[in-house]
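J.:
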Amino acid sequence: MAIENTQQYDGIYHVLGGVISPMDGVGPSDLHIDSLVERVKESDIDEVILALGSTMEGDTTNFYISRKLAPYKVRLSVLARGISVGDELEYTDEVTLGRSIVSRTPFER
Numbered sequence: 014m015a016i017e018n019t020q021q022y023d024g025i026y027h028v029l030g031g032v033i034s035p036m037d038g039v040g041p042s043d044l045h046i047d048s049l050v051e052r053v054k055e056s057d058i059d060e061v062i063l064a065l066g067s068t069m070e071g072d073t074t075n076f077y078i079s080r081k082l083a084p085y086k087v088r089l090s091v092l093a094r095g096i097s098v099g100d101e102l103e104y105t106d107e108v109t110l111g112r113s114i115v116s117r118t119p120f121e122r
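According to my numbering, the stretch in the sequence shown is residues 14 to 122, in order.
#1: Kindly give me the distance between the Cβ atoms of S67 and R94, rounded to whole angstroms, as I take these residues to be in contact under 8 Å.
#2: Using the C-alpha atoms, what's the distance from R122 back to E70?
#3: Can I78 and L102 be called in contact, C-beta distance under 8 Å?
#4: Let's test the definition: count the other Cβ atoms within 10 Å of the Cβ of N18 and tell me whether it reaches 16, buried, or not, exposed.
#5: Distance check for I33 and P41, CA to CA, integer angstroms please.
#6: Cβ atoms of V53 and V28: under 8 Å apart, would you say?
#7: Might you give, ordered along the chain, the residues of its own chain that have their beta carbon closer than 7 Å to the beta carbon of I16, omitting 5 neighbours on each side?
#8: Just the C-alpha distance for E107 and V115, rounded to the nearest angstrom, thanks.
#9: Just tell me which of G38, I25, T74 and G24 has its CA closest to the CA of T47.
#10: Terminal residues of the continuous beta strand (DSSP E) containing I62?
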């Protein structure tokens, strides 16, 4: 619903049902990853946007999915990560600040 509420995305969704989390006993077979691979394989999908949380589990799941989709001609992207609107720079952690610098965007005049 969060993505839908932005009114910035007009595409098809695929709900995985969670993220890979060995500590919680959740593996790839517990999620709907194979059905995502089948959709990409059988459809004319140009891009898959990986919209998972920026956690170790989210990153692990993104990496796993990217490996599963590697044989197919589909563009993969992840949601931008960085400093939130309204946040103060001095209170931003180093990892978030580093990702913000690496993923910076051109300033529009």
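Virtual Cβ for every residue (Gly too), placed ideally from N, Cα, C. Nothing here was measured: the structure is a model prediction, and the numbers come from that model.
T.: The relevant details are as follows:
#1: The Cβ separation is near 5 Å, so the contact holds.
#2: 38 Å
#3: no
#4: It is exposed - the Cβ of N18 has fewer than 16 other Cβ atoms within 10 Å.
#5: 6 Å
#6: no
#7: Y22 and A64
#8: 12 Å
#9: The question names Thr, yet the displayed sequence has Asp at residue 47. Closest by alpha carbon: T74.
#10: E60 to L63
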